[in-house]
Amino acid sequence: KVKDEIEFSTKEAAFLARKLGHLPLALEQAAAYLLFTKCSLKDYIATYKKQCMKLLKRRKVTRPLGDDKSASQRFAVHTTWQMNFDRIATHEEFGTCASLFVQVTAFVASEKIPFALLRATDVDLFENDLTALRSIVSLLTELSLFREESSKRLSVHRLVQSVLQDSIRQESGKLH
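Heads up, my numbering is the position in the sequence shown plus 4, with the first residue counted as 1.
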């Protein structure tokens with residue numbers, strides 16, 4: 005689907021796939037971002053590199069990434085996830101509510117997350133507006149942070165939850 009909607013060279017695609025460690029989750033999130041924003045692969049790669057630098061500057065390095073494959077894979081997922089999360093957070097109408105929901109779901113079971121939890125993030129918004137609920141679910145699933153399991157439940161990848169938990173812990177550590 006990406007190939008039909010986004011122009012890119014084979015060289016750019018191969019470069020990004022290598023950067024993302026050929027990880028299906030990271031590649032899926034990158035594709036979701038590309039489709040959602042309609043940006044070029046060249047622009048995505050530039051944004052990805054900037055996001056990597058931001059994350060590296062922000063985190064306290066306790067050990068070098070080196071050849072630790074799981075650490076580099078985790079970093080690739082963290083970077084693609086952060087880019088998609090930032091896109092959600094800046095959504096004009098639903099960014100605040102969607103961001104809060106994403107953060108709350110970092111600490112619940114990864115499957116069968118009820119829409120009711122989303123409603124709890126902004127009772128006034130959802131009181132009489134199921135369209136708003138559908139719009140937020142669509143935003144979360146289009147950017148590949150969640151999957152819709154049924155008409156009333158979502159799921160999130162456990163690695164995405166783990167990355168989010170680390171991010172929240174790091175941010176809360178700055179507050180103390």
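C-beta: ideal position from N, C-alpha, C; glycine also. This structure is a prediction, so every number in the text was calculated from the model and none was measured.
Length of the line joining the Cα atoms of residue i and residue j
{"i": "K46", "j": "D90", "result": "19 Å"}
{"i": "R62", "j": "E175", "result": "9 Å"}
{"i": "F19", "j": "M57", "result": "17 Å"}
{"i": "A80", "j": "T41", "result": "19 Å"}
{"i": "G70", "j": "A93", "result": "Low local confidence applies: a pLDDT of 49 at G70 is under 50, so the model's placement there is unreliable, with the coordinate-based value given in what follows. Distance between the alpha carbons of G70 and A93 is about 32 Å."}
{"i": "R173", "j": "A110", "result": "11 Å"}
{"i": "E115", "j": "C43", "result": "31 Å"}
{"i": "L59", "j": "L104", "result": "21 Å"}
{"i": "V164", "j": "A36", "result": "15 Å"}
{"i": "T51", "j": "S74", "result": "23 Å"}
{"i": "V167", "j": "E153", "result": "22 Å"}
{"i": "E97", "j": "L137", "result": "12 Å"}
{"i": "I49", "j": "A21", "result": "10 Å"}
{"i": "H95", "j": "L144", "result": "11 Å"}
{"i": "E131", "j": "I117", "result": "19 Å"}
{"i": "E16", "j": "Q55", "result": "18 Å"}
{"i": "S155", "j": "G177", "result": "37 Å"}
{"i": "Q86", "j": "Q107", "result": "12 Å"}
{"i": "H82", "j": "S139", "result": "25 Å"}
{"i": "G99", "j": "Q169", "result": "19 Å"}
{"i": "S76", "j": "S159", "result": "24 Å"}
{"i": "V112", "j": "R123", "result": "15 Å"}
Residue i (DSSP reduced to helix, strand or coil)
{"i": "L27", "result": "coil"}
{"i": "D170", "result": "helix"}
{"i": "E146", "result": "helix"}
{"i": "T41", "result": "helix"}
{"i": "A17", "result": "helix"}
{"i": "A80", "result": "helix"}
{"i": "V112", "result": "coil"}
{"i": "D47", "result": "helix"}
{"i": "A124", "result": "coil"}
{"i": "V65", "result": "Low local confidence applies: a pLDDT of 48 at V65 is under 50, so the model's placement there is unreliable, and no value is given."}
{"i": "R98", "result": "Reading the sequence as shown, one finds Phe at residue 98 and not Arg. Residue state, collapsed to three classes: coil."}
{"i": "E175", "result": "helix"}
Identity of the residue in the options nearest residue i by Cα
{"i": "R157", "options": "Q165, L121, L143", "result": "L121"}
{"i": "L38", "options": "R173, F130, I172, T84", "result": "T84"}
{"i": "L24", "options": "K53, S13, C43, T14", "result": "K53"}
{"i": "D128", "options": "S139, L27, S114, C101", "result": "C101"}
{"i": "H161", "options": "I140, H26, A21, R78", "result": "R78"}
Sheet register partners of residue i (DSSP bridge)
{"i": "S159", "result": "R151"}
{"i": "I117", "result": "L158"}
Taking contact to mean 3 or more Cβ pairs, one atom from each stretch, closer than 8 Å, check whether the region 28 to 36 and the region 138 to 149 are in contact. Note that the region 28 to 36 touches the region 138 to 149; at least 3 beta-carbon pairs, one per stretch, sit closer than 8 Å.
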